[in-house]
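**Q** Heads up: the sequence shown runs through residues 10 to 229, numbered per my numbering. We put the beta carbon where it would ideally sit given N, CA and C, even for glycine. Quick caveat: nothing in here was measured; it's all calculated off a predicted structure.
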Amino acid sequence: MKRILTFLALLVATTPSWAALTLYTNETSYLAAVGASRSYIDFAGSPAATVSGFGFSPNVAFGSCTDSTNQSTCGTSVFHNDNAISDIGGSAANNGVGSLAWRFLLPDVFAFGFNYASGDIAAIQIVDPSGLSSLVDTTSATDFIGLVADTAFYGAIGVNALLAGDAGNDRYFIDDFRINALRTVPEPGSLVLVLVSLGIAALIRKSGRPTHLEHMSPAH
């Protein structure tokens, strides 16, 4: 019997608690906006096999969904091949293509991104721990999606683009999945101290008076 991903609750059509959510469609811009890498998954290997979505990282689990609008259809397996992962099919779409989902096993993920290929991703369905959801339009992206928020991410589903002529879901492959820290900025108090120090240094240079350290220099 297929295990169900317990990290995603049934979608609730309501507004979640994210006060600020930024979408990046360029990897360079995303990396410039975030801090250090916390996890990087390159999905190395080409087994051409269905594998557990828990085997790639201790910080995030992946799964395949048969309905991108219903998290209860998400299992814990993915298709792994060509250094990337994709869904394992079984959806009601005419071509049977499903979607990928992921759940963060860290409690404090505020930034993540990934490359994708082969197909298009129309949106990212993000979910917070209480089950509230939000749909992020990613139709402007072509091969990279990055999201940064002021509230920790819990889980998400990559919603497939639709093929023309009702042919079904567009199958995509995910690669280079990363979790990043937020970029740190100086605390207001620290910033004030820096400005004061710079001001004192400027006054000393202007007056030409020696500092206490200069008084302590050994005689020549």
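CA-CA distance, residue 180 and residue 193?
**A** So the alpha carbons of these two residues sit roughly 37 Å apart.
**Q** Pick out whichever of 146, 142, 124, 89 has its Cα sitting closest to the Cα of residue 59.
**A** The shortest Cα separation from residue 59 among 146, 142, 124, 89 belongs to 89.
**Q** Quick check on residue 96: buried or exposed, where buried means 16 or more other Cβ atoms within 10 Å of its Cβ?
**A** Counting Cβ neighbours within 10 Å, residue 96 comes out buried, since at least 16 surround it.
**Q** How would you call residue 110, buried or exposed, if buried means at least 16 neighbouring beta carbons within 10 angstroms?
**A** Buried.
**Q** So, are the CB atoms of residue 161 and residue 119 less than 8 Å apart?
**A** In this structure, residue 119 lies closer than 8 Å to residue 161 by Cβ.
**Q** Take residue 115 as the anchor and find which of 73, 94, 69 has the nearest alpha-carbon.
**A** Nearest of 73, 94, 69 to residue 115, Cα basis: 69.
**Q** Let me know the secondary structure DSSP gives residue 159 once reduced to three states.
**A** Strand.
**Q** Quick one: using the 10 Å Cβ neighbour count with 16 as the cut-off for buried, is residue 66 buried or exposed?
**A** The residue in question, residue 66, is buried, as its Cβ has 16 or more Cβ neighbours within 10 Å.
**Q** Distance, Cα to Cα, residue 62 vs residue 50?
**A** Between residue 62 and residue 50, the C-alpha separation is close to 12 Å.
**Q** Classify residue 107: buried if its beta carbon has 16 or more other beta carbons within 10 angstroms, exposed otherwise.
**A** When all chains shown are included, residue 107 counts as buried.
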